[in-house]
């Protein structure tokens, strides 16, 4: 954008000509200057305007920068600008056109309006997320603009479907808040019968996890899992033409209309063999409907019944003949064979059997319906489609366990595994015994699945268990976001940090933890009141309507909630929260985590919102906000390439709403500030501290530490100097000690700085070991007491370590945990301990009683699953690159017993399971194969069992269970299909033959013994993991929303009662009951933190 001169008010024409002449002789033409800042374009400074520049020695820190003003009275006065800045063009905003405003007089009062303080041009209200000057680029061809942002036009195709023509829409972060909202929209728009889980690029097959990753005019495929098919499929080349919705033209028919106007269908048309039947509602025999049956339909009998039920507004479960003896129809083929001459049928709902017909009912004529499917009418098809994607339907109409016809999954598109070993496919043909066996039908993720009932089932018990879960210990430390995730609660001396939806207080002296568990979603920020009593925590917004983003202020000693703020104010979550230091901390500020980054100020004890920024605080990422400790009407926000100072204008006497305006003269990243920095790259302000003289210290992502000096007369903050000897990595934390010593942490370095008398120098430095990771946070252990004059502090690292020490003493490890996702846990069968496998390539052994530091083995590969044999001798660990590592259960020697390469390709291993009576191992992979190995404890004899591989379909195998005699296994795919295999004879088994089998473990989440828990979840929720207690009386289930539920085992009744607790914000990854104690281990959430629960007896009123 080039600047053109605007005539100023009151400027004579002769002065304008003189100004033009002087501008032509300047070094650079203003027409060629592009402003890169965001301030609004205004009149350009000429000789009639005051020119201001900064002078002073910024490097040595011995002289403060001062503001020098020069008034020029002639054209030659242009040369008054220093030579170093002579090529800089000056531009002011519109409100500064009549001259630069006067300085604001110093005041510490809340009262006052920005336009009554003499400095109206200094403050600006944020309107568009930028400064006053804003450069707007043209929208490139092929892009659309939605809600003020650029949207990418992209096309989506269905995975593996070359006939789908594609859906082209505009994608932007304004229209959809996150990827999950976009996937829900695509699911309903494209009309898939499965929810869309993954989106990949074509043809490089890159997973898209962020809305900003979409590229304009590019194609993508939507998938239900991570098996994207790119090679060999030409997406978008369908020969099918679009449907013609226009009416045929008058006169001669169009050529494209002739196919629709043919009167006689072909001789082999299915319509010749179609038949019309009448269905009668069981409880209301006057309700009838006519339906047309298509013998060549691809729908299952369960889907056909569902369509029939939609036509008469009921949940259909069974079909019977209308005539006596009312025989049940068990398959769709019977309607065209045994009962081809029968025209009337009774359709039943939850009652499952026909009821006696009521007398005196008048029969009405059935309506006529038609379609190309088996059960057809346009209304019923629309109802079915609406039902498939409507997540708000009542649970009693959607989730029922009934008896009906069993159908195996369609295996026409199965691919054979081309390898030297023999592939055993799954036989899905039905026997005569299966048609008469008793089944239970359960709805799972929108589909009905059938399971065989055992011969002697246990009586159904819908009551909730007598046990409940009590949180006993949390393992880990959240170190990946900011330095405020760890603090010291000085009133009790406890170390405090937030993990998922809990705040943990750790007392190392007594080895005890306390928890604040009032939040319903993941805690994203935390602040401590200056008095040390109150704690403020903010959470993000959840998927459920009740899990809204808000702030809780509570007592750290009693753990009682005092105030709840921001319900309905924060859209996505709370990115930052902080108390004011001045005037007893009566104010609180917060930043919304949405793209608008709205800054709000609250009088928290009165639950009152005082002021907020209008529309946007800034378009850049805001990482934190805080009050200036010496004046609580000044606030700071910082983050990506910005440090903003804000002024709160508020009159507490009149008790009116306030305003937040940004100070344009403070904290500017402009020349000559950038010339003094060590790097020209974009920087993000990551930490902040304050000197006793009022100066502000900031650390950034380049490793620099910058001093911003304050002018006490005007309270303007300007760049002063950069400390020498910067950190090699991002400065993640700054800690100011009482003696004005600054402690900075960045990378592996911890440095101490002397900050007295405007002379800044480094005094001490320490480097931590590489295995600890980078320094994330530093907090002082005690504000008033030091160890012999030496400050002692806690150090939190990126690898989830918490250390204690000083510059003179060695660091002692307090907490050690996984720093990446924990994928699986398993308990030791003979000890009070358990093991965890993580994607950080380590396996750790934890003691459930001592709860000290774990024993660790580095496997060298990302670990995805783990299991232990029944005697506790050795472990098997699956990896992400297709290996199984066998380890000894004792980590004394930390060496491998064997390493197995699974399959011919590096397939992701989903699960491993060791047989209870033999040294056999079942390995489930992402390609759908199940490998069986013998002699796991002897690496010399290890070999694949009979060179045979089990494979039912291409869906990943995510869970395996062995029978108690180690003869058979059951496997579950990612689509929740259940298959059974005989390991002794190495062939597939029918589910009917194993309905009475005794399973050694219950980790498969589907089947008859756990079917009841699926009746309590909706289609958008899933039971991710389950584990049965050693007593086999209860079973724990973890869902996709972070909840853990306790049921009685077996869980076979409809909608059984349960005990639920929820601490994770994301899915629960693993559950494991400890074999020798009444404890449960769980892991889940974004970083899969480990939690230890005590399974306690729940005393009811009757028991009292």
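Residue numbers (our numbering): 0 to 1103. All C-beta atoms, glycine included, are put in the ideal place defined by N, C-alpha and C.
For residue 1015, which three-state DSSP category applies? Under the three-state reduction of DSSP, residue 1015 is assigned to helix.
Taking the straight line between their C-alpha atoms, what separation do you get for residue 551 and residue 771? Cα to Cα, residue 551 sits roughly 33 angstroms from residue 771.
So is residue 654 in contact with chain C if we call contact Cβ pairs under 8 angstroms? Here there is only one protein chain, and chain C is not present.
When burial is assigned at 16 or more other CB atoms within 10 Å of the CB, is residue 485 buried or exposed? Counting Cβ neighbours within 10 Å, residue 485 comes out buried, since at least 16 surround it.
Tell me the DSSP bridge mates of residue 442? Listed as beta-bridge partners of residue 442 by DSSP are 447.
Secondary structure of residue 186, DSSP reduced to three states: Note: residue 186 maps to helix in three-state DSSP.
Beta strand (DSSP E) runs contained entirely in the region 768 to 811, provided each spans 3 or more residues: Fully enclosed beta strand (DSSP E) runs of no fewer than 3 residues occupy 774 to 779, 792 to 796 and 800 to 804 of the region 768 to 811, in order along the chain.
Roughly how many whole angstroms lie between the Cα atoms of residue 613 and residue 561? Here the alpha carbons of residue 561 and residue 613 stand approximately 29 angstroms from one another.
Same chain, Cβ closer than 6 angstroms to residue 990, five either side skipped, listed in chain order: Around residue 990: 451 and 979.
Applying the 10 Å Cβ sphere with the 16-neighbour rule, what's the burial state of residue 332? With fewer than 16 neighbouring CB atoms inside 10 Å of its own CB, residue 332 falls in the exposed class.
Checking 8 angstroms against the spacing of the C-beta atoms, do residue 683 and residue 639 come in under that value? Yes, the Cβ-Cβ distance between residue 683 and residue 639 is below 8 angstroms.
Check residue 662 in the structure and name its three-state DSSP category. Correct three-state label for residue 662: strand.
Could you tell me the distance, in whole angstroms, from the CA atom of residue 542 to the CA atom of residue 706? A straight line joining the alpha-carbon of residue 542 with that of residue 706 spans about 42 angstroms.
Taking the C-alpha atoms as reference points, what is the distance between residue 474 and residue 1068? CA-to-CA, the gap between residue 474 and residue 1068 works out to about 15 angstroms.
Return the CA-CA distance between residue 820 and residue 967, expressed in angstroms with no decimal places. Approximately 32 angstroms, taken between the alpha carbons.
Cβ of residue 729 within 8 angstroms of Cβ of residue 697? No, the Cβ-Cβ distance between residue 729 and residue 697 is not below 8 angstroms.
Quick check on this structure: which residue in 876, 647, 1012 and 956 has the alpha carbon closest to the alpha carbon of residue 924? Relative to the Cα of residue 924, the nearest Cα in the group 876, 647, 1012 and 956 belongs to 956.
DSSP state of residue 571 mapped onto helix, strand, coil: Judged by DSSP in its simplified three-state form, residue 571 adopts coil rather than helix or strand.
Can we say the region 765 to 782 touches the region 794 to 805, given the rule of at least three CB pairs closer than 8 angstroms? Between the region 765 to 782 and the region 794 to 805 there are three or more inter-stretch CB-CB distances shorter than 8 angstroms, so the stretches are counted as touching.
Please determine, among 174, 779, 458 and 631, the residue with the shortest C-alpha to C-alpha distance to residue 584. Minimum Cα distance to residue 584 is reached at 631.
How many Å lie between residue 1086 and residue 172 at the Cα? In this structure, the alpha-carbon of residue 1086 lies about 25 angstroms from that of residue 172.
Own chain residues within Cβ distance below 6 angstroms of residue 307, not counting five before or after: Scanning its chain for C-beta atoms nearer than 6 angstroms, with the 5 sequence neighbours on each side dropped, one finds around residue 307 the residues 278, 315, 346 and 374, in chain order.
So residue 1000 and residue 1044 are supposed to be a Cβ contact under 8 angstroms. How far apart are they, rounded? Residue 1044 and residue 1000 do not touch by the CB rule: their CB atoms are close to 19 angstroms apart, not below 8 angstroms.
Rounded to the nearest angstrom, what separates residue 392 and residue 313 at their Cα positions? Note that residue 392 scores 30 on pLDDT, short of 50, meaning its location in the model is unreliable; the coordinates nonetheless yield the value given after this. Approximately 13 angstroms, taken between the alpha carbons.
May I have the straight-line CA-CA distance separating residue 1011 from residue 1005, to the nearest angstrom? Looking at the two C-alpha atoms, the distance is approximately 10 angstroms.
Pairwise C-alpha distance: residue 933 and residue 921: Near 9 angstroms, if we compare the C-alpha coordinates of residue 933 and residue 921.
Are the Cβ atoms of residue 886 and residue 929 separated by less than 8 angstroms? Not a contact, by the Cβ cut-off of 8 angstroms.
Distance between residue 804 and residue 792 (C-alpha atoms, nearest Å): A straight-line Cα-Cα distance of about 6 angstroms links residue 792 and residue 804.
Ignore the nearest five residues each way along the sequence and tell me which others in residue 380's own chain have a CB closer than 6 angstroms to its CB. Residue placement at residue 380 is flagged as unreliable, the pLDDT there being 39, under the threshold of 50; a coordinate-derived value is accordingly withheld.
Reference residue 782, options 185, 760 and 735, closest by Cα: The shortest Cα separation from residue 782 among 185, 760 and 735 belongs to 735.
How far does the beta strand (DSSP E) with residue 538 in it reach, from first residue to last? Note, residue 538: beta strand (DSSP E), 533 to 538.
Limits of the unbroken beta strand (DSSP E) element including residue 626: Here the beta strand (DSSP E) through residue 626 covers 621 to 627.
Alpha-carbon spacing of residue 233 relative to residue 209, whole angstroms: Distance between the alpha carbons of residue 233 and residue 209: 26 angstroms.
Going by DSSP in three states, residue 763 sits in which element: helix, strand or coil? In the structure shown, residue 763 adopts extended strand secondary structure according to DSSP, grouped into three states.
For residue 180, which three-state DSSP category applies? Annotated three-state conformation of residue 180 is helix, per DSSP.
Need the endpoints of the alpha helix (DSSP H) that residue 1091 sits in, please. For residue 1091, there is no enclosing alpha helix (DSSP H); the enclosing beta strand (DSSP E) has its first and last residue at 1088 to 1096.
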